[in-house]
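Structure, as structure tokens:
There are 2 protein chains.
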Amino acid sequence: MNSTSPLDVGDHQHATFPDGLDLECGVHLPALDVAYRTYGQLSARRDNAIVICHAFTGDQYVAETHPQTGKPGWWARMVGPGRPIDTNRFFIICTNVLGGCMGSTGPRSLKPGSTERWGTDFPPITIRDMVRAQYKLVRSLGIERLFAVVGGSMGGMQALEWAVTYPDMMLAVMPIATAPYHSAQNIAFNEVGRQAIFADPDWYGGRYWEHNVVPARGLAVARMMAHITYLSEEALTRKFGRRVRRDPKDAQAPEASLAMFGDVFEVESYLRYQGSAFVRRFDANSYLTITRAMDWFDLAAEHDGELPAAFAGTPVRFCVVSFSSDWLFPTSTSRYLVRALNQAAANVSFVEIETDKGHDSFLLDEPDLDRTVRGFLCGVADHAGLA
Amino acid sequence: MNSTSPLDVGDHQHATFPDGLDLECGVHLPALDVAYRTYGQLSARRDNAIVICHAFTGDQYVAETHPQTGKPGWWARMVGPGRPIDTNRFFIICTNVLGGCMGSTGPRSLKPGSTERWGTDFPPITIRDMVRAQYKLVRSLGIERLFAVVGGSMGGMQALEWAVTYPDMMLAVMPIATAPYHSAQNIAFNEVGRQAIFADPDWYGGRYWEHNVVPARGLAVARMMAHITYLSEEALTRKFGRRVRRDPKDAQAPEASLAMFGDVFEVESYLRYQGSAFVRRFDANSYLTITRAMDWFDLAAEHDGELPAAFAGTPVRFCVVSFSSDWLFPTSTSRYLVRALNQAAANVSFVEIETDKGHDSFLLDEPDLDRTVRGFLCGVADHAGLA
Chain W
1 MNSTSPLDVG DHQHATFPDG LDLECGVHLP ALDVAYRTYG QLSARRDNAI VICHAFTGDQ
61 YVAETHPQTG KPGWWARMVG PGRPIDTNRF FIICTNVLGG CMGSTGPRSL KPGSTERWGT
121 DFPPITIRDM VRAQYKLVRS LGIERLFAVV GGSMGGMQAL EWAVTYPDMM LAVMPIATAP
181 YHSAQNIAFN EVGRQAIFAD PDWYGGRYWE HNVVPARGLA VARMMAHITY LSEEALTRKF
241 GRRVRRDPKD AQAPEASLAM FGDVFEVESY LRYQGSAFVR RFDANSYLTI TRAMDWFDLA
301 AEHDGELPAA FAGTPVRFCV VSFSSDWLFP TSTSRYLVRA LNQAAANVSF VEIETDKGHD
361 SFLLDEPDLD RTVRGFLCGV ADHAGLA
Chain F
1 MNSTSPLDVG DHQHATFPDG LDLECGVHLP ALDVAYRTYG QLSARRDNAI VICHAFTGDQ
61 YVAETHPQTG KPGWWARMVG PGRPIDTNRF FIICTNVLGG CMGSTGPRSL KPGSTERWGT
121 DFPPITIRDM VRAQYKLVRS LGIERLFAVV GGSMGGMQAL EWAVTYPDMM LAVMPIATAP
181 YHSAQNIAFN EVGRQAIFAD PDWYGGRYWE HNVVPARGLA VARMMAHITY LSEEALTRKF
241 GRRVRRDPKD AQAPEASLAM FGDVFEVESY LRYQGSAFVR RFDANSYLTI TRAMDWFDLA
301 AEHDGELPAA FAGTPVRFCV VSFSSDWLFP TSTSRYLVRA LNQAAANVSF VEIETDKGHD
361 SFLLDEPDLD RTVRGFLCGV ADHAGLA
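Now the structure itself:
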């Protein structure tokens, strides 16, 4: 494992666009970097490219060992030779999102022509800005048209935004465990995470790097809370229940004092591990910037709240996937999306996968998801005469 | 409104028990104070007393203006003359829980014979310890037997614990929106709240009063998160949706910088208000102590995981109430409790109330709840020949 500090910008394969990017907020972002990884081979007809969009805290290391954590790619079980997203047939592109901290331009990047980081001066971005950065990369790779865009959670928001912003750029879009807008509850959880970061004594108004620290405690609290929302009550009960790591009687011993608040229950120990691992790889300002981009996300906003209008006349084939126990992006919202797509006369199929693993199901071993992804992509590819 | 500092112990009506309390952890707590309020009149036969147990952050001010916040009592709509819990017929007792911060002995209290506060030296307590403190008060009021014990959320845990610890002490028990154990998800949320407090720069290892501060930011983060769990997604959507307080374009303006993380969405503003109001009335060490008491709660633990054994032979009449949209203490767990009571051959009825207001429904205007509470209490009272 690489011992990269969470303050390091790191060195990741990337493309640089000296013309920058016009952001939705009106700011021109100069000198855009888009970090990315590809898997498989682009066909001679350049018609087999799939953009995979990562979730909030994911990155471009989809199907290979992560250079910083040493862990397998976040979707290694889904993407590879013979896998549901088959790199023998498809050419996969995954970028680190704009605003991220794995090599794409974001708050941890240096301001152009400066030795100063963006930090909290990084302009507010949107999901559409992320997609427009990806578009620039795709075009720079000589690809006129994608085969598909696939993503889960915030990656699914990007997939939907691709369909809305560039409806002629792809044959198919697969939004998984996602929604066409961020709900009040989603915004509420994001806000608690941000407040936890702001409350950290090492936050320093967002300029923590000047003190050679990161707001690790606040960021860990944010991650711990978010992690609960990624799982279901059933999954937490099955994995941990009320099991304790040490005898409750010890933990209740009078001399223990604050020790009674240590890692007593297994679920606490698990959450703390999740929190501490996260702060070693993720930037607090990226956390703020990206959560805010999610909060702004609402595909109906430009159409007076009429979601079908966002998809009017779309030629894209959609396959919407939800998970029955996902309470962060519930099936009911996916049904709302599917109804809107139907009203827009879009070609859409919908699969609700029965599982008790919650929102994170899209990352886990779910054979029904594998079958759905493989079936949809192969079906569209065969129909389109893809080699 | 009283301008009490969150550091003040305050002066509340209370009973002092110089013999103290033997806690489950083995510590003897000297000089127990139990703060309480009563409503209505104890009958000549002393047979009409109902103990109401408050929820986590509630207190004894059930049906009157709160002396510190100036707000109505937390269950004023339920308790009073002619109300579902009718003070013309019943004598109501509500204590501040052991470990609390409204006058009962807790971490903010002074150690006996000392000018030093307990703080983090306060011994770990359990729900049973809370109930045993209440029992002492009830007996000191000359009451041999209660008519009923009623409570929601953590108050429901206490009501169940009353039935298990003192099965001959009451005719009826009404646990509302609660569970016979704290789930992994419940523990997980509590742990995040505690970590938020520990991360606060004003925590000072739990001795914040020595610095004349309170860990207000961490405690507010804990409260904001907890508050989300008290509501349903539907309730948040209905109350706030994606409404913004200021123009998103302003919030996204480049010069705004950190301002884009201000109170932009109404739900954020609401949560921040909840957080800041809470830290003015609640003690951080009480937050830790009481959440831990909830975490330990598991009525089946003494019976090798067999919940029915906890209620074997109970003469108590139970009415279990749950709310369909409560995801913190879901109906499924109430059904599990009811099955255990049935297996124990207890007299039990069960009402699931259809509502989209989530866990907090027990505090809100729910006519079905009013009817259920009134109907059950009157039914048992009439059956028992209560005046």
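If you read the sequences in order, they're chains W and F.
Just so we're aligned: the first sequence equals residues 1 to 387 in the UniProt record's numbering.
Just so we're aligned: the second sequence equals residues 1 to 387 in the UniProt record's numbering.
Using N, Cα and C, we set each Cβ at its ideal position, and we do this for glycine too.
Computed from a prediction, not measured in an experiment: that's the story for all the values here.
- Considering only F:171, F:35, F:42, the residue with the shortest C-alpha distance to residue 54 of chain F is F:35.
- Fewer than three beta-carbon pairs drawn from the region 216 to 234 of chain F and the region 341 to 351 of chain F are found closer than 8 angstroms, and the two stretches are therefore not classed as touching.
- Distance from residue 307 of chain F to residue 320 of chain F at the Cβ level is roughly 13 angstroms; contact not present, criterion being Cβ atoms closer than 8 angstroms.
- Close partners of residue 302 of chain W in chain F (Cβ separation under 7 angstroms) are lacking, with about 12 angstroms as the shortest Cβ gap.
- Between the C-alpha atoms of residue 91 of chain W and residue 364 of chain W there is a straight-line separation of about 23 angstroms.
- Proximity of chain W to residue 327 of chain F at the Cβ level (cut-off 8 angstroms) is accounted for by 233, 327, in chain order.
- Taking 8 angstroms as the cut-off, the Cβ atoms of residue 154 of chain W and residue 12 of chain W do not count as close.
- Under the DSSP assignment, residue 156 of chain F falls outside any beta strand (DSSP E), being part of the alpha helix (DSSP H) whose first and last residues are 154 to 165.
- One finds nothing in chain W with a Cβ atom closer than 7 angstroms to the Cβ of residue 307 of chain F; even the nearest lies about 13 angstroms away.
- Residues of the region 257 to 285 of chain W that bring their beta carbon within less than 7 angstroms of a beta carbon in chain F comprise 257, 258, 260, 261, 265, 267, 268, 271, in sequence order.
- Secondary structure at residue 117 of chain W: strand, using DSSP grouped into helix, strand and coil.
- In the DSSP assignment, residue 171 of chain F falls within the beta strand (DSSP E) that extends over 170 to 176.
- Pairing residue 170 of chain F with residue 149 of chain F gives a Cβ-Cβ distance under 8 angstroms.
- Following the DSSP letters along the chain, one finds residue 318 of chain F in no alpha helix (DSSP H) but inside the beta strand (DSSP E) bounded by residues 317 to 323.
- Here the alpha carbons of residue 56 of chain W and residue 224 of chain W stand approximately 14 angstroms from one another.
- Where residue 342 of chain F is concerned, the enclosing alpha helix (DSSP H) starts and stops at 331 to 343.
- The Cβ atoms of residue 188 of chain F and residue 271 of chain W lie closer than 8 angstroms to each other.
- Using a C-beta cut-off of 8 angstroms, the region 155 to 168 of chain F makes no contact with the region 65 to 83 of chain F, since fewer than three inter-stretch Cβ pairs fall below that distance.
- Exclusion of the five residues before and after residue 279 of chain W leaves 6, 214, 216, 219, 220 as the residues of its chain whose Cβ lies within less than 7 angstroms of its Cβ.
- For residue 110 of chain F, the beta-bridge partners assigned by DSSP are F:117.
- Nearest C-alpha to residue 203 of chain W among W:335, W:239, W:176, W:119: W:119.
- Residue range 284 to 296 is occupied by the alpha helix (DSSP H) that includes residue 291 of chain F.
- In this structure, residue 143 of chain W keeps its C-beta atom at 8 angstroms or more from the C-beta atom of residue 45 of chain W.
- Between the C-alpha atoms of residue 133 of chain F and residue 98 of chain F there is a straight-line separation of about 7 angstroms.
- The Cβ neighbour count for residue 268 of chain F, taken over all protein chains shown within 10 Å, is at least 16; the residue is labelled buried.
- Taken through DSSP and simplified to helix, strand or coil, residue 221 of chain F comes out as helix.
- For residue 158 of chain W, there are no neighbours in chain F by C-beta distance under 8 angstroms, as the nearest C-beta there is about 19 angstroms away.
- Using beta-carbon distances, residue 322 of chain F does not count as an interface residue toward chain W, since no partner is under 8 angstroms.
- Among the residues facing chain F, residue 92 of chain W is not included, as its CB has no counterpart in that chain under 8 angstroms away.
- Counting along the chain, the unbroken beta strand (DSSP E) around residue 36 of chain W starts and ends at 32 to 39.
- Excluding sequence positions up to five before and after residue 79 of chain F, its CB lies within less than 8 angstroms of the CB of 39, 52, 62, 63, 73, 85, 87, 92, all in the same chain and listed in chain order.
- One thing to note: residue 243 of chain F has its Cβ within 8 angstroms of the Cβ of residue 266 of chain F.
- Between the C-alpha atoms of residue 42 of chain W and residue 328 of chain F there is a straight-line separation of about 49 angstroms.
- Under the 8 angstroms criterion on CB atoms, residue 295 of chain F is classed as interfacial with respect to chain W.
- In this structure, DSSP gives residue 61 of chain F a state outside helix and strand, which the three-state scheme calls coil.
- The beta carbons of residue 360 of chain F and residue 230 of chain F sit closer together than 8 angstroms.
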